[in-house]
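Peer 1: Line order of the protein sequences matches chains A and B. Just so we're aligned: the first sequence equals residues 3 to 194 in the numbering used here. Just so we're aligned: the second sequence equals residues 696 to 907 in the numbering used here.
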Amino acid sequence: MLIPVKAPVASLGDDERSLIARVVAGDRTAARVLYDAHAARVHRLAYRICRDPGLADDLTQDVFVQVFRKLETFRGDSSFSTWLHRVTVTTCLNTLRKVNRHASRERELDESHHGFAVPAESDGGDLRQALTQAIDGLPDPLRVPLVMYHLEGFSHGEIGEALGIAEGTSKRRVFDARARLRVALAEHQEAP
Amino acid sequence: MNIDDPRLDRLLDAAAAEYRVPEAPPLDAIWDRIDAELAVRPIVAARRWSAVHWLATGGAIAAALILGVFIGRRSAPTAPAVTVAALAPAAPAVPSTDPYQRATDELLGRSAVLLASLSPDAKHVGPGVGALVADQGVQLLNTTRLLLDSPVGTEPRMRALLEDLELVLAQVTRLRDNDPPDDLLLIHDALDQHDIVPRIRSAVARNALRYN
Chain A
3 MLIPVKAPVA SLGDDERSLI ARVVAGDRTA ARVLYDAHAA RVHRLAYRIC RDPGLADDLT
63 QDVFVQVFRK LETFRGDSSF STWLHRVTVT TCLNTLRKVN RHASRERELD ESHHGFAVPA
123 ESDGGDLRQA LTQAIDGLPD PLRVPLVMYH LEGFSHGEIG EALGIAEGTS KRRVFDARAR
183 LRVALAEHQE AP
Chain B
696 MNIDDPRLDR LLDAAAAEYR VPEAPPLDAI WDRIDAELAV RPIVAARRWS AVHWLATGGA
756 IAAALILGVF IGRRSAPTAP AVTVAALAPA APAVPSTDPY QRATDELLGR SAVLLASLSP
816 DAKHVGPGVG ALVADQGVQL LNTTRLLLDS PVGTEPRMRA LLEDLELVLA QVTRLRDNDP
876 PDDLLLIHDA LDQHDIVPRI RSAVARNALR YN
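#1: Between which two residues does the alpha helix (DSSP H) holding TYR795 of chain B run?
#2: Between ARG908 of chain B and the rest of its own chain, which residues show a CB-CB distance below 8 Å, the 5 nearest in sequence each way excluded?
#3: Buried or exposed for TYR795 of chain B, going by 16 or more other Cβ atoms inside 10 Å?
#4: What residues of chain B sit near GLY170 of chain A, judged by a beta carbon separation below 8 Å?
#5: Out of A:VAL185, A:GLY159, A:LEU187, point me to the one whose CA is closest to ARG174 of chain A's CA.
#6: I want to verify the contact list: residues of chain A whose CB lies under 7 Å from the CB of GLU732 of chain B, in sequence order.
#7: Starting from the C-beta of TRP85 of chain A, find all residues in its chain whose C-beta is less than 7 Å away, skip the five residues before and the five after it, and write them out in chain order.
#8: Use the C-beta contact count for GLN63 of chain A: other C-beta atoms within 10 angstroms, 16 or more gives buried, fewer gives exposed.
#9: Who are the neighbours of ARG728 of chain B on chain A, taking C-beta pairs under 7 Å?
#10: Would you kindly report the start and end of the unbroken alpha helix (DSSP H) that includes TYR37 of chain A?
#11: Between LYS72 of chain A and chain B, is any beta-carbon pair separated by less than 7 Å?
#12: Determine the direct distance from the alpha carbon of VAL716 of chain B to that of ALA98 of chain A, and round the result to whole angstroms.
#13: Could you tell me if the beta carbon of GLN68 of chain A falls within a distance shorter than 6 Å of some heavy atom in the ligand FAD?
#14: For a contact meaning CB atoms closer than 8 Å, what does ASN697 of chain B contact in chain A?
#15: Any beta carbon from chain C within less than 7 Å of LEU86 of chain A's own beta carbon?
#16: CB LEU802 of chain B to CB THR849 of chain B, shorter than 7 Å?
#17: Strictly under 7 Å for the Cβ-Cβ distance: is LEU809 of chain B near chain A by that measure?
#18: Give the DSSP-derived three-state secondary structure of ILE729 of chain B in the structure shown.
#19: Please work out which residues of its chain come closer than 6 Å, Cβ to Cβ, to ASP859 of chain B, disregarding the five sequence neighbours upstream and downstream, and give them in chain order.
#20: Give me the chain B residues within the contact set of PRO55 of chain A, using Cβ-Cβ distance strictly less than 7 Å, ordered along the chain.
#21: So if I threshold CB-CB distances at 7 Å, which residues from the segment 151–171 of chain A count as touching chain B?
#22: If the criterion is Cβ atoms closer than 7 Å, does the pair LEU707 of chain B and HIS152 of chain A meet it?
#23: By Cβ distance below 7 Å, which residues in the same chain neighbour ALA168 of chain A in space, the five residues on each side in sequence not counted?
#24: If I'm right that LEU165 of chain A touches VAL89 of chain A with Cβ under 8 Å, what's the distance once you round it to whole angstroms?
#25: Applying a beta-carbon distance threshold of less than 9 Å, which residues of chain A neighbour GLN703 of chain B?
#26: I want to see whether chain B comes within less than 7 Å of PHE82 of chain A, judged by CB atoms only; does it?
#27: How should GLU861 of chain B be labelled, buried or exposed, when 16 other C-beta atoms within 10 angstroms of its C-beta is the threshold for buried?
#28: Is there a Cβ from chain B that is less than 7 Å from the Cβ of ILE30 of chain A?
#29: In whole angstroms, what is the alpha-carbon distance linking LEU843 of chain B and ASP128 of chain A?
#30: Note down, in chain order, every chain A residue with its Cβ under 7 Å from the Cβ of ARG869 of chain B.
#31: Pick helix, strand or coil for PHE76 of chain A, following the three-state DSSP scheme.
#32: Tell me the DSSP secondary structure of ARG19 of chain A in three-state form.
#33: Helix, strand or coil for ARG901 of chain B, going by three-state DSSP, please let me know.
#34: What would DSSP say about ASN697 of chain B, mapped onto helix, strand or coil?
#35: Buried or exposed, going by whether 16 or more other CB atoms sit within 10 Å of the CB of PHE66 of chain A?
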């Protein structure tokens with residue numbers, strides 16, 4: 003039987019550990035509280051990584067179902083939100099790989115070090131619009147660390163942990179992504 | 696005109712609030728779907744493999760591999776080739792010495808052993824183990840990708856298996872020493888969701904029969 007869950011979100015101040023213990027014990031109201039506390043950010047992160055609103059909905063669902071099922075194994079070595087976001091990124095990237103398997107195989111980092119132009123439709127638009135398109139034009143191995151670092155506020159250590167790369171690699175990828183953005187935006191500004 | 700770092704930083708700061716912000720995501724509807732899933736399979740009933748269960752599965756994999764090798768050796772051609780040709784003149788002769796097939800069998804065997812070594816009940820990835828496993832994972836991942844682009848990858852069932860194996864091995868390559876158990880559980884979830892280990896067993900058995 004489904005528990006009615008227009009949740010008592012007011013209990014957000016609950017100690018997270020006890021909330022987690024309640025969820026593990028099967029309390030779906032506690033699960034809803036935990037969901038309400040984190041769902042918006044998980045959804046936004048999923049949307050920013052996969053850029054498809056419907057897919058972001060599905061990924062958010064998958065992430066929370068996975069997390070609730072594995073919650074009993076969560077030992078608190080890292081914060082719950084760090085763990086949750088790592089699961090989010092892993093789930094999103096696995097899905098992206100599956101969806102774009104053939105494309106992603108050809109889109110290796112070393113494949114092209116040249117810059118790219120912001121698509122023509124941005125000409126004449128403002129710089130922020132051009133930036134959005136330039137970010138979208140980055141290859142995933144550069145775009146995801148850039149989005150996580152600059153737009154979502156993750157540290158390079160957290161990005162490295164989530165993506166399975168070294169902290170230095172995360173820094174280098176963000177650096178490379180910024181270099182490409184500068185080229186793309188300069189081209190945009192110089193366009194008639 | 697160049698975009699200098701401070702200007703790019705300002706643009707990115709603004710983008711943090713503006714870049715692909717979902718408009719009113721249907722969080723309540725998503726929760727309803729989650730809640731329905733949890734109702735079907737309650738959280739408290741989430742399965743954790745016991746050491747015994749895992750040992751039994753590992754044993755089954757090992758037994759299947761040994762059986763495959765045994766069948767292969769027992770049925771290796773000992774009679775002159777002309778006898779084989781006389782018995783099955785119309786069959787397309789695919790030599791068991793096909794290098795792609797040998798590479799596939801070796802990949803599947805090594806992958807099964809590697810995956811069996813990752814216990815989901817471990818408290819963390821042991822010291823020295825993460826790097827070793829990740830290193831093996833990289834080798835197997837490279838082989839998997841090569842095989843996907845080889846004639847082996849044209850067979851639909853094998854291709855699907857290799858593609859799923861590729862995803863799991865990509866996760867394995869990220870393992871590091873002292874990683875928390877969550878990473879192992881993610882890998883085991885992927886194994887479970889795609890029935891990878893049973894499919895490896897079936898593929899090994901299929902290949903043993905096909906080429907002997």
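A virtual CB, placed ideally from N, CA and C, is assigned to each residue, including glycine.
Peer 2: Taking the definition as stated:
#1: 794–811
#2: With chain B covering 696 to 907 only, the question about residue 908 of chain B has no answer from this structure.
#3: Counting other Cβ atoms within 10 Å of its Cβ, TYR795 of chain B stays below 16 and is therefore classed as exposed.
#4: Simply none; closest approach about 14 Å.
#5: For ARG174 of chain A, the nearest C-alpha among the options comes from A:GLY159.
#6: VAL67
#7: PHE76
#8: Buried is the call here.
#9: Neighbours of ARG728 of chain B on chain A, chain order: GLN63.
#10: 30–52
#11: At a cut-off of 7 Å between C-beta atoms, LYS72 of chain A counts as an interface residue with respect to chain B.
#12: Looking at the sequence provided, one finds Leu at residue 98 of chain A rather than Ala. Rounded to whole angstroms, LEU98 of chain A to VAL716 of chain B spans 19 Å at the Cα level.
#13: In the structure shown, the ligand FAD is absent, as is every other ligand, since no ligand is present at all.
#14: ARG184, ALA188
#15: Among the chains of the structure shown, chain C does not appear; the protein chains present are A and B.
#16: no
#17: no
#18: helix
#19: HIS889, ILE891
#20: PRO717
#21: HIS152, LEU153, GLY166
#22: yes
#23: GLY162
#24: Incorrect: roughly 13 Å between the Cβ atoms, too far for contact.
#25: One detail in the question is off: residue 703 of chain B reads as Leu in this sequence, not Gln. By Cβ distance, chain A contributes LEU133, ARG180, LEU183, ARG184, LEU187.
#26: no
#27: buried
#28: In the sequence on display, residue 30 of chain A carries Arg and not Ile. For ARG30 of chain A, the answer is yes, since a Cβ of chain B falls inside 7 Å of its Cβ.
#29: 44 Å
#30: GLY166
#31: coil
#32: helix
#33: helix
#34: coil
#35: buried
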